């Protein structure tokens, strides 16, 4: 395949992907999805991924999607990515010190604090449609 044909093929794939992403059924797909984003959404449809609701201290919540084999660290990364995406979509980029967030707050599920980053979420009983919530590690006035 020549360079021109590869270029045209790439443009065709890009047009098809753009048309797919404009479909209302795919509204949960990020604007510029990575291959990992797409694989995770496919996994959700096939049952190998889970949608988790994250309840914040201000009583608002949002969803993240993770593979069933995800760890606490994977959940934290998904939360970080989701919050950063929401911040950029609504008001531009604002710097959040995630090191500070995780030093002062932790995630909990079913009265268990999710402190060990390497622990699988399934070990705590987290599964599709579970809700995790943020709790204080120490008492501060910050909210995330």
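Numbering (full-length UniProt numbering), first residue to last: 1 to 144.
All C-beta atoms in this analysis are idealised placements derived from N, C-alpha and C, irrespective of residue type, glycine included.
A quick note: this is a predicted structure, and the numbers were derived from the prediction, not measured.
Helix, strand or coil for residue i, going by three-state DSSP, please let me know.
i           : result
residue 13  : helix
residue 107 : strand
residue 137 : coil
residue 115 : coil
residue 129 : coil
residue 75  : helix
residue 19  : helix
residue 101 : helix
residue 124 : helix
residue 32  : coil
residue 96  : coil
Would you check if the distance between the CB atom of residue i and the CB atom of residue j is smaller than 8 Å?
i           : j           : result
residue 71  : residue 103 : no
residue 66  : residue 58  : no
residue 78  : residue 101 : no
residue 82  : residue 62  : yes
residue 52  : residue 126 : yes
residue 105 : residue 137 : yes
Identify the continuous alpha helix (DSSP H) that holds residue i and give its terminal residues.
i          : result
residue 38 : 35-46
Just to confirm, does residue i get its C-beta within under 7 Å of one of the non-hydrogen atoms of the ligand SAM?
i          : result
residue 48 : Within the structure as shown, the ligand SAM is missing, as the structure has no ligands at all.
The beta strand (DSSP E) spanning residue i covers which residue range?
i          : result
residue 61 : 61-67
residue 55 : 49-55
For chain C, find out if any of its Cβ atoms is closer than 8 Å to the Cβ of residue i; answer yes or no.
i           : result
residue 121 : You won't find chain C in this structure, because it holds only one protein chain.
- Answer yes if the segment 42-54 comes into contact with the segment 14-22, meaning at least three C-beta pairs across the two stretches below 8 Å, and no otherwise. No, the segment 14-22 does not touch the segment 42-54.
- Message: Under 8 Å: do the segment 105-114 and the segment 126-138 share three or more Cβ pairs, one atom per stretch?
- Response: yes
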